[in-house]
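Visitor:
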Amino acid sequence: MRRQREMGFSVGWSPLCYVFSIRETNLWEKEKQEKENDKPQQHPFSIYLCQKTATLVLSLLLLLPLLSMITAALELYTWCHFYIDLHRSPENGL
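Taking UniProt numbering as reference, the numbering of the sequence shown is continuous, increasing by one, and the terminal residue is 94.
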């Protein structure tokens, strides 16, 4: 039992059978901490700037269809007036 604990195993008794479970060892925890320490730490300002940039990009993407509809409406308006001016004659009084 002692040898199993040293190896990182613990034995628990269940009414039906023995249950073996692997415990987290200190070595695994140290490796995990080293990996977390190797990651570059972001400063709060850079996180804020990243969030604001993402918000701006998403806003522009959502406004793009609206801007294209406005452009299409202005183009239609311009072509209608051009057509009316083209076919206007002094006799018709248009």
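C-beta: ideal position from N, C-alpha, C; glycine also. Keep in mind it's a predicted model, so treat the numbers as computed, not measured.
(1) How long is the line joining the alpha carbons of Ala54 and Asn37, rounded to whole angstroms?
(2) Looking at the unbroken alpha helix (DSSP H) that takes in His43, where does it start and where does it end?
(3) For the ligand ZN, any of its heavy atoms closer than 7 Å to the Cβ of Thr71?
(4) Grouping DSSP H, G and I as helix and E and B as strand, with all else coil, what is His81?
Guide: Working from what's here:
(1) In this model, Ala54 and Asn37 are separated by some 27 Å (Cα to Cα).
(2) Where His43 is concerned, there is no enclosing alpha helix (DSSP H), given that its DSSP letter is neither H nor E.
(3) Questions concerning the ligand ZN fall outside what the structure shown contains, since it holds no ligand whatsoever.
(4) helix
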